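Asker:
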Amino acid sequence: MSRKYQGLIVLNTKSLEGTVDDLVSAISKELQAEGAKIEKVAQLGRRDFAYESRHLQSGHYVNYTFQGAADVIAKIQARLKLNGHVHLQHFSRVA
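With our numbering, the residue at position 78 of the sequence shown is 187, and numbering never jumps.
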C-alpha cells in the first residue's frame with residue numbers, strides 16, 4: 110500500500126562543489142533509489158537558523174512530496190544520514 114509523505118530536508122551548502130540544483134536532484138535520486146515516487150520538489154531557499162547548529166548559521170530548505178510504502182521512511186533516513194550535505198531531515202505523512 111502506497112502512502113503519501115512530505116519530507117523537509119535542510120541542506121548544508123557550505124562546502125558544496127557544484128550548484129544547489131545539482132544537490133537537490135541528487136537527493137531526489139537517493140529518495141527514488143529507496144522506492145519513493147516523487148510528486149513535487151519545492152526549494153524554499155536559504156534560511157537563517159535561530160541559533161548556530163553544528164557550526165552552521167543557515168541552510169537551504171527543500172520540501173519533497175512523494176509516495177512510498179510504509180517502510181520507505183526508515184530506509185530514506187538511514188541513507189540520508191550518510192550524506193554529508195544533509196544537515197537535518199523531517200518526514201511526515203500527508204492525509
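Just so you know, even glycine gets a beta-carbon here, dropped at the ideal spot from N, CA and C. These numbers come from a predicted model, not from an experiment.
Would you mind working out which of V181, I118, A204 sits nearest S134, comparing C-alpha positions?
Answerer: The residue labelled residue 134 in the question sits at position 25 within the sequence shown. For S134, the nearest C-alpha among the options comes from I118.
Asker: Tell me whether R188 sits in a helix, a strand or coil according to DSSP, three-state version.
Answerer: Walking along the sequence shown from the start, residue 188 turns up at place 79. Here DSSP, grouped into helix, strand and coil, assigns R188 to helix.
Asker: Is the region 136-150 touching the region 183-200, taking contact as three or more C-beta pairs under 8 Å?
Answerer: yes
Asker: Does the beta-carbon of G193 have 16 or more other beta-carbons within 10 angstroms, so that it is buried, or is it exposed?
Answerer: By one-based count along the sequence shown, residue 193 stands at place 84. The residue in question, G193, is exposed, as its Cβ has fewer than 16 Cβ neighbours within 10 Å.
Asker: Rounded to the nearest angstrom, what separates G154 and M110 at their Cα positions?
Answerer: On the sequence shown, residue 154 is found 45 positions in, with the first residue counted as 1. On the sequence shown, residue 110 is found 1 positions in, with the first residue counted as 1. If you draw a straight line from the Cα of G154 to the Cα of M110, it is about 33 Å long.
Asker: Can you have a look at L120 and say buried or exposed, based on whether 16 or more other CB atoms are within 10 angstroms of its CB?
Answerer: The residue labelled residue 120 in the question sits at position 11 within the sequence shown. Answer is buried; the Cβ neighbour count reaches 16.
Asker: Where do the ends of the beta strand (DSSP E) carrying V129 lie?
Answerer: Here residue 129 refers to the residue found at position 20 of the sequence shown. Here V129 belongs to no beta strand (DSSP E); instead the alpha helix (DSSP H) covers 129-142.
Asker: Below 8 Å on the Cβ atoms is my contact criterion, and I expect Q176 with E148 to pass it. Report the Cβ-Cβ distance as a whole number of Å.
Answerer: By one-based count along the sequence shown, residue 176 stands at place 67. By one-based count along the sequence shown, residue 148 stands at place 39. Contact flag correct, Cβ pair sits at about 7 Å.
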